[in-house]
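S.K.: Structure below; questions to follow.
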Amino acid sequence: MASSIVDSPITTRIVLGFLRFLAFVAQSVPAPDQKEKIESIKVLLIDIFNITASMLMIEGISVNVLPSSNLPKKEENVNANANSNTPNSICTGSSTHADIPRVLLFQEFNMVLSQTEFYYPSVIGQNHLDRESYIKQVFDDAIEVLTKGGYETLDRWNLADALNTLGNQAMADLCYVKAIDMYACAIALWKNNPIFFCNRGAALTKVCKFWDATCDCYEAIRLEPRYVLAYYRLGCAYFESGKNIEAISEGFTKALHLDPNNEDVLISIEQAENKIREETTKAKAKVNIIKMIFVVILSTLLGIREDSFRIYDIVNLVDDKTVFG
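Here the sequence shown is numbered in my numbering, starting from 26 and rising by one per residue.
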């Protein structure tokens with residue numbers, strides 16, 4: 026009976042309302058110790074009534090420390106040596122900052138994602154609870170990458186690098202949607218890193234989201250104007266979408282200017298030029314067919330032979346310049 030009361034929707038709404046009230050009170054309390062007590066009450070309520078991070082995000086409620094039941098599982102066998110001087114903690118990225126627990130890094134990660142559309146995926150189609158579980162797994166996977174990589178400082182920047190690594194692994198496995206997710210998480214943590222935007226642009230191209238891909242590549246170029254790979258991938262996005270002229274002018278040519286000996290760029294320019302020639306040949310063939318039709322129609326209506334100079338004068342009004350500018 027008690028469990029059903031604790032988990033009931035009505036109880037959840039009441040608790041969320043009280044948490045909003047406590048958040049309001051905390052804003053007007055000047056003493057740090059009083060603020061800490063209020064935060065402790067909020068954490069206790071969240072733990073007892075099974076309030077999830079997604080519920081807090083939807084209600085706009087912030088909590089300094091989430092209870093352990095709402096955080097990702099801890100790594101097994103950490104600090105096995107009780108005499109070890111290495112803390113099971115995560116730094117904020119600067120030596121002047123105190124070490125913070127791994128759980129706080131997850132909270133920062135979770136709150137950063139809550140400010141994006143990551144909780145509302147259109148591709149995967151998960152609900153909020155599924156997405157929350159997915160985010161916990163992503164975080165654990167990234168921490169594993171950092172642990173295996175021997176990182177001494179585990180902060181949001183290194184976490185972003187680990188997520189980028191997971192994205193690269195997903196690309197290698199042809200799991201493009203997952204790669205997009207990993208790069209999106211990395212970008213949420215490190216918004217001015219051109220590498221992450223460039224990588225996501227490549228993944229978006231693979232799933233035929235060409236507009237989004239070009240936007241990411243342009244953002245990478247804005248952040249790093251001499252980023253050869255960003256120009257190259259911009260060209261690839263245009264090329265795959267059938268915009269061969271833009272692929273050359275906006276992407277490949279600018280990449281070649283920065284790296285004249287880049288073989289991939291040279292090959293891509295040749296491929297795009299071949300496509301343009303093919304399209305031009307097809308277009309000219311269509312124009313010739315149209316001209317022939319005009320000749321037949323005019324010769325029939327005017328009673329003039331098809332090889333008449335006058336007819337070809339009229340037909341040549343529709344010339345290559347009309348079609349190709």
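Backbone N, C-alpha and C fix where the C-beta goes; we use that ideal spot for every residue, glycine too.
#1: On the criterion of 16 or more Cβ atoms from any shown chain inside 10 Å, does Arg-38 qualify as buried, or is it exposed?
#2: At a cut of 8 Å, does the segment 198-213 reach the segment 221-238 through at least three beta carbon pairs?
#3: Could you tell me the distance, in whole angstroms, from the CA atom of Thr-36 to the CA atom of Ile-76?
#4: With a threshold of 7 Å on Cβ separation, who are the neighbours of Val-137 within its own chain once the five nearest residues in sequence on each side are excluded?
#5: Locate the alpha helix (DSSP H) running through Lys-67, then write down its first and last residues.
#6: Can you tell me whether Gly-174 is buried or exposed? The criterion is at least 16 other CB atoms within 10 Å of its CB, across all chains shown.
#7: Flag Ser-158 as yes if its beta-carbon sits less than 8 Å from any beta-carbon of chain C, otherwise no.
#8: Suppose the cutoff is 6 Å on Cβ atoms and the five residues either side in sequence are ignored; what does the same chain contact list for Thr-190 look like?
#9: My understanding is that Leu-5 touches Arg-251, with C-beta atoms under 8 Å, so please give their C-beta distance in whole angstroms.
#10: Given that a residue counts as buried once 16 or more other Cβ atoms are within 10 Å of its Cβ, and exposed if not, what is Phe-277?
#11: Just tell me which of Tyr-257, Tyr-243, Asp-166 and Asn-218 has its CA closest to the CA of Ala-195.
#12: Where does Ile-76 fall in DSSP's three states?
#13: So for Tyr-176, helix, strand or coil by DSSP?
#14: Between Asn-224 and Glu-244, what straight-line distance do the alpha-carbon atoms span, to the nearest angstrom?
#15: From which residue to which residue does the alpha helix (DSSP H) around Leu-184 run?
#16: Quick one: what does DSSP say Arg-353 is sitting in, helix, strand or coil?
#17: To the nearest angstrom, how far is the alpha carbon of Phe-43 from that of Lys-62?
#18: Roughly how many angstroms lie between the CA atoms of Leu-199 and Ile-270, to the nearest whole one?
#19: If you draw a straight line from the C-alpha of Glu-133 to the C-alpha of Lys-161, how long is it?
#20: Assign Thr-141 to one of three DSSP states: helix, strand, or coil.
#21: Would DSSP call Met-311 helix, strand or coil?
#22: To the nearest angstrom, report how far apart Cys-240 and Lys-311 are at their CA atoms.
#23: What does the alpha-carbon distance come out to for the pair Arg-127 and Tyr-263?
M.R.: According to the structure shown:
#1: Position 13 of the sequence shown holds residue 38. In the assembly as shown, Arg-38 is an exposed residue. Its beta-carbon has fewer than 16 other beta-carbons within 10 Å.
#2: The segment 198-213 is in contact with the segment 221-238.
#3: Translated into positions along the sequence shown, residue 36 becomes position 11. Translated into positions along the sequence shown, residue 76 becomes position 51. Answer to the nearest angstrom: the Cα atoms are 10 Å apart.
#4: The residue given as residue 137 occupies position 112 in the sequence shown. Around Val-137: Ala-213 and Leu-214.
#5: Residue numbering aside, residue 67 sits at position 42 when the sequence shown is read from its first letter. 57-73 is the extent of the alpha helix (DSSP H) around Lys-67.
#6: The residue you call residue 174 lines up with position 149 of the sequence shown. Classification for Gly-174: exposed.
#7: Checking the listed chains, one finds no chain C in this structure; it contains a single protein chain.
#8: If you number the sequence shown from 1, residue 190 lands on position 165. If the five residues before and after Thr-190 are omitted, its C-beta is found closer than 6 Å to the C-beta atoms of Val-170, all from its own chain and listed in chain order.
#9: Not covered by the structure: residue 5. The range shown for the chain is 26 to 350.
#10: As a first step, residue 277 is located in the sequence shown; it is residue number 252 there, counting from the start. Its Cβ being crowded by 16 or more others within 10 Å, Phe-277 is buried.
#11: Working through the sequence shown from its first residue, we reach residue 195 at position 170. Of the candidates Tyr-257, Tyr-243, Asp-166 and Asn-218, the residue whose Cα lies closest to the Cα of Ala-195 is Asp-166.
#12: Locating residue 76 in the sequence shown gives position 51, counting from the first residue. Three-state result, Ile-76: coil.
#13: Within the sequence shown, the letter at position 151 stands for residue 176. Under the three-state reduction of DSSP, Tyr-176 is assigned to coil, being neither helix nor strand.
#14: The residue given as residue 224 occupies position 199 in the sequence shown. The residue given as residue 244 occupies position 219 in the sequence shown. A direct Cα-Cα distance of roughly 11 Å separates Asn-224 from Glu-244.
#15: For the purposes of this step, residue 184 is taken as residue 159 along the sequence shown, with counting starting at 1. DSSP places Leu-184 inside the alpha helix (DSSP H), whose first and last residues are 181-197.
#16: Any answer about residue 353 is impossible in this case: the structure gives the chain only from 26 up to 350.
#17: Along the sequence shown, read from residue 1 onward, the residue named residue 43 stands at position 18. Along the sequence shown, read from residue 1 onward, the residue named residue 62 stands at position 37. Taking the straight line joining both Cα atoms gives about 15 Å.
#18: Here residue 199 refers to the residue found at position 174 of the sequence shown. Here residue 270 refers to the residue found at position 245 of the sequence shown. The C-alpha of Leu-199 lies about 28 Å from the C-alpha of Ile-270.
#19: On the sequence shown, residue 133 is found 108 positions in, with the first residue counted as 1. On the sequence shown, residue 161 is found 136 positions in, with the first residue counted as 1. In this structure, the CA atom of Glu-133 is about 12 Å from the CA atom of Lys-161.
#20: Numbered from its first residue, the sequence shown carries residue 141 at position 116. If DSSP states are grouped into helix, strand and coil, Thr-141 belongs with coil.
#21: Here the question's residue 311 lines up with position 286 in the sequence shown. With the sequence shown as reference, residue 311 is identified as Lys, and Met is not the correct amino acid for it. Looking at Lys-311 - three-state DSSP - the assignment turns out to be helix.
#22: The residue labelled residue 240 in the question sits at position 215 within the sequence shown. The residue labelled residue 311 in the question sits at position 286 within the sequence shown. For Cys-240 and Lys-311, the gap between their C-alpha atoms comes out near 34 Å.
#23: Start at 1 with the first residue of the sequence shown, and residue 127 comes out as number 102. Start at 1 with the first residue of the sequence shown, and residue 263 comes out as number 238. Inter-residue distance for Arg-127 and Tyr-263 is about 42 Å (C-alpha atoms, whole angstroms).
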